[in-house]
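Participant: Here the sequence shown is numbered in my numbering, starting from 15 and rising by one per residue. The C-beta atom is built at its ideal place from N, Cα and C for all residues, glycine as well. The structure under discussion is supplied below as structure tokens; questions concerning it will follow.
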Amino acid sequence: MGASLCQLFQILDLANEARESVNTALAPFGLTQASYQVMFQLQQRDCTNKCLAEEAGCAPSNITRLVDRLVEMGLAERHPSPDDRRKVVTTLTDAGRARWNAAAEALQPTQAALLARLHQVTDHDAP
């Protein structure tokens, strides 16, 4: 039981380190982990704020603030839904796609290092 508890704390420490590392890598692009995640979803498909909030597992008001910031930065746009004019969908602009792609490339070394550390922690006590 003690070893698994120790492993849990190592994973929690790594999660905090990961958050800091990711935000540091994204800072030159004017992005945070949260805004990058929203942009990731928008890379896949246009979404309403409700859809983005469900995907992120957070409150719609948080998504509204994130999308507002992306719109202000010229990285996203809002449009009436073609299916339901009561709804508004958010799309990435060309500048948003370019910024997301550049940020994704810059994150690759951070991702590789964090995954290697995760494997060390989780494989350390493997039977």
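Can you give me the C-alpha to C-alpha distance between Leu129 and Glu68, rounded to a whole angstrom?
Facilitator: Near 26 Å, if we compare the C-alpha coordinates of Glu68 and Leu129.
Participant: Could you work out which residue in His133, Leu56 and Leu19 is closest to Arg113 when comparing CA atoms only?
Facilitator: Ranking His133, Leu56 and Leu19 by Cα distance to Arg113 puts Leu56 first.
Participant: For Thr78, I'd like the list of residues in its chain whose CB is within less than 7 Å of its CB, leaving aside the five on either flank, ordered along the chain.
Facilitator: If we look at Thr78 and ignore the five residues flanking it on each side, its Cβ neighbours are Asn63.
Participant: Pull up the distance between the alpha-carbon of Ala117 and that of Glu34, whole angstroms please.
Facilitator: Cα to Cα, Ala117 sits roughly 15 Å from Glu34.
Participant: For the stretch 119-136 and the stretch 24-31, state whether three or more C-beta atom pairs, one from each stretch, are separated by less than 8 Å.
Facilitator: Enough Cβ pairs lie closer than 8 Å, so yes.
Participant: How big is the Cα-Cα spacing for Val81 and Leu40?
Facilitator: When rounded, the distance between both Cα atoms is 17 Å.
Participant: Give the straight-line distance between the Cα atoms of Ser95 and Asn115, rounded to the nearest whole angstrom.
Facilitator: Cα to Cα, the separation comes out at about 25 Å.
Participant: On a Cα-Cα basis, can you pick out the residue from Thr46, Gly88 and Thr124 that is closest to Ala109?
Facilitator: Cα-wise, what sits closest to Ala109 is Gly88.
Participant: Can you tell me whether Thr104 is buried or exposed? The criterion is at least 16 other CB atoms within 10 Å of its CB, across all chains shown.
Facilitator: By the 10 Å Cβ count, Thr104 comes out buried.
Participant: Roughly how many whole angstroms lie between the Cα atoms of Glu86 and Asn37?
Facilitator: Straight-line Cα distance between these residues: approximately 20 Å.
Participant: So Ala73 packs on Val52, CB below 8 Å; how close in whole Å?
Facilitator: Not a contact, Cβ separation roughly 13 Å.
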